[in-house]
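Chains as they are written, first to last, in the working numbering: chain F, 14 to 403; chain S, 27 to 194.
Structure record follows, encoded as structure tokens.
Shown next as structure tokens:
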């Protein structure tokens with residue numbers, strides 16, 4: 014019989030205890046994390062249910078529908094002019110951009126074409142709504158990473174853009190300015206010069222954001238190499254807009270399939286980024302705001318004179334037929350499929366909104382990331398709930 | 027301080043005035059941003075041009091349990107309504123509700139939609155309705171000022187023991 018000393022006993026016990034502790038530490042218990050439906054990181058009311066293993070996401074699923082307002086159904090009982098009011102509110106940050114594809118589809122069915130001046134005004138406002146939309150993204154991305162200053166700058170400079178939109182359309186947010194055959198009003202006197210001054214402010218805002226955020230080491234570490242979307246996956250999930258361009262897909266409907274807008278008349282560039290990570294998505298959108306301000310500058314110099322409305326009947330009855338038009342909206346490709354049976358109202362309206370497809374990649378993209386990265390990835394994907402749920 | 031007094035309904039008038047004054051200028055508001063109005067609310071609360079903090083409104087609490095006031099801004103769908111009711115129930119009394127925008131007031135442009143709740147006053151009591159689609163930030167600030175007037179003139183005892191605030 015060997016005598017066991019107290020010291021040996023103690024060693025044995027501590028070793029077992031340490032083993033046990035290691036096991037307890039390594040052993041993880043599955044956990045379900047529910048984000049939303051009301052969470053600042055989800056830009057509204059998206060709900061994400063994530064299954065976690067420790068701090069890693071095993072599976073994540075977006076639950077949409079908290080903002081479903083039934084556009085496609087109620088559009089069937091609205092006249093064409095009323096549908097414009099309705100579709101304003103799909104992507105509420107860039108409202109004017111929502112009207113344009115619908116109006117273009119209706120114009121194609123009616124076989125009218127807006128006069129050049131109306132086309133120019135449309136394009137200017139389209140780009141202004143892009144700026145109003147993406148400026149908020151640039152500020153908001155900082156908030157999601159814990160930097161609260163950029164969003165104040167964003168709101169400050171967004172007000173200047175909204176002021177300009179309001180001077181033309183009378184609406185700060187939802188202009189409802191586009192009409193079948195043209196636009197509602199002509200530009201006010203001196204508006205183009207003021208717009209150019211505002212574009213100068215927008216560009217200086219972009220420089221500010223670049224200095225504030227992109228140079229920051231924290232920002233780089235939280236976004237570089239996080240949430241990488243390879244080009245083939247982006248295509249499979251139907252990503253469009255800046256999300257696709259950040260994955261290196263050189264595809265922009267403004268250049269590739271421009272219908273009824275004045276983009277071919279100006280000299281501009283489609284920005285892409287080869288990386289496909291959160292940083293690339295931020296960078297592409299930053300360049301897009303700059304590019305949009307340059308487009309507006311060029312358009313403002315060359316607005317042609319002439320009428321702003323084509324000849325259309327007072328009571329609009331769209332002839333029977335079907336039309337599909339999509340444009341490059343701030344969030345990506347947005348299209349309307351209008352089916353008319355010759356009535357005052359559309360017979361069926363199918364809305365293809367960009368965010369719905371952009372968000373459908375989240376189960377694939379969030380698998381394996383860490384919990385804090387969920388927020389940055391969602392912020393960089395940039396969706397708007399009205400655009401997802403419609 | 028005078029919690030027993032408040033509950034028994036024997037609050038001296040000067041004390042009521044003092045308490046109301048303090049309550050009115052430290053409104054912690056929980057932002058319930060739902061749709062388009064959320065951006066205008068963000069402009070009112072977060073932008074340098076409108077700056078709601080000068081009215082004594084603090085738009086910071088992350089939890090409804092720290093909030094005195096909730097701004098329901100945007101379209102409330104039938105899927106969302108139970109969550110709103112639940113978070114409103116978690117707010118400590120006295121609590122106030124501002125309904126911002128036509129959608130939250132009455133359904134707005136979606137008055138005939140199958141999925142939209144036509145007015146949040148069906149699920150929670152509302153103190154101030156701010157009309158507009160969406161209301162301008164100035165309109166929301168006006169709503170906050172109206173609510174502050176209401177708080178200033180509130181009888182604490184009636185608030186605790188009497189009828190709930192009548193929705194106007």
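For glycine and all other residues, C-beta sits at the position ideal for the given N, C-alpha and C.
query, result
"Expected contact under 8 Å - CB spacing of residue 383 (chain F) and residue 68 (chain F) to nearest Å", "5 Å"
"Closest residue to residue 310 (chain F) among F:215, F:219, F:146, F:353 (Cα-Cα distance)", "F:215"
"Option nearest residue 169 (chain S) by Cα separation, candidates S:52, S:78, S:112", "S:78"
"Short CB-CB distance (under 8 Å) between residue 153 (chain S) and chain F", "no"
"Short-range partners of chain F found in the stretch 43-65 of chain S, where Cβ spacing is below 8 Å", "58, 59, 60, 61, 62, 64, 65"
"CA-to-CA distance, residue 206 (chain F) to residue 372 (chain F), given in whole angstroms", "39 Å"
"The stretch 130-156 of chain S: positions lying closer than 7 Å to chain F by Cβ", "135, 136, 138, 139, 140, 141, 142"
"Through-space distance from residue 131 (chain S) to residue 53 (chain S), alpha-carbon basis", "22 Å"
"Nearest candidate by alpha-carbon position, reference residue 83 (chain S), set S:174, S:39, S:38", "S:174"
"Chain S contacts made by the stretch 77-88 of chain F, where a contact means CB separation under 9 Å", "78, 79, 80, 81, 82, 83, 84, 86, 87"
"8 Å Cβ cutoff, residue 106 (chain S) in contact with chain F", "yes"
"Delimiting residues of the beta strand (DSSP E) encompassing residue 153 (chain S)", "Careful: residue 153 (chain S) lies outside any beta strand (DSSP E) and carries neither H nor E."
"Short Cβ contact (8 Å threshold) for residue 157 (chain F) with residue 389 (chain F)", "yes"
"Per DSSP, cross-strand counterpart(s) of residue 67 (chain S)", "None, per the DSSP bridge assignment."
"Alpha-carbon spacing of residue 184 (chain F) relative to residue 38 (chain S), whole angstroms", "49 Å"
"8 Å Cβ shell around residue 73 (chain F) - same chain, five flanking residues per side excluded", "61, 62, 63, 64, 375, 376, 379, 380, 387"
"Range covered by the alpha helix (DSSP H) that runs through residue 387 (chain F)", "384-394"
"Proximity below 8 Å, CB of residue 171 (chain S) to CB of residue 152 (chain S)", "no"
"Helix, strand or coil at residue 131 (chain S) according to DSSP, with G and I counted as helix", "helix"
"Short Cβ contact (8 Å threshold) for residue 79 (chain F) with residue 143 (chain S)", "no"
"Cutoff 7 Å; reference residue 284 (chain F); Cβ partners in own chain excluding five residues on either side", "258, 297, 300, 301, 304"
"CA-to-CA distance, residue 69 (chain S) to residue 187 (chain F), given in whole angstroms", "15 Å"
"Secondary structure of residue 353 (chain F), DSSP reduced to three states", "strand"
"Same chain, Cβ closer than 6 Å to residue 51 (chain S), neighbours up to 5 away in sequence not counted", "82"
"Which of helix, strand or coil DSSP assigns to residue 59 (chain F)", "coil"
"Any chain S beta carbon closer than 8 Å to residue 164 (chain F)", "yes"
"Close Cβ partners of residue 286 (chain F) (< 6 Å) along its chain, the five nearest in sequence each way excluded", "259, 293, 296, 297"
"Residues of its chain near residue 92 (chain S), where Cβ-Cβ distance is below 7 Å and the 5 sequence neighbours each way are ignored", "54"
"Chain-ordered neighbours of residue 99 (chain F) on chain S, where CB pairs are closer than 9 Å", "135, 136"
"Alpha carbon of residue 134 (chain S) to alpha carbon of residue 333 (chain F), nearest angstrom", "30 Å"
"Beta-bridge pairing of residue 47 (chain F) - partner residues as DSSP gives them", "F:62"
"Segment contact, 8 Å Cβ cut-off, at least three pairs: the stretch 352-369 of chain F with the stretch 225-235 of chain F", "no"
"Min CB distance residue 69 (chain S) to chain F below 8 Å", "yes"
"Validate contact between the stretch 136-145 of chain F and the stretch 102-112 of chain F using beta carbons, cut 8 Å, 3 pairs", "yes"
"Terminal residues of the alpha helix (DSSP H) in which residue 172 (chain F) lies", "162-182"
"Nonlocal neighbours in the same chain, by C-beta distance under 7 Å from residue 146 (chain S), ignoring five residues either side", "98, 102, 110, 125, 130, 152"
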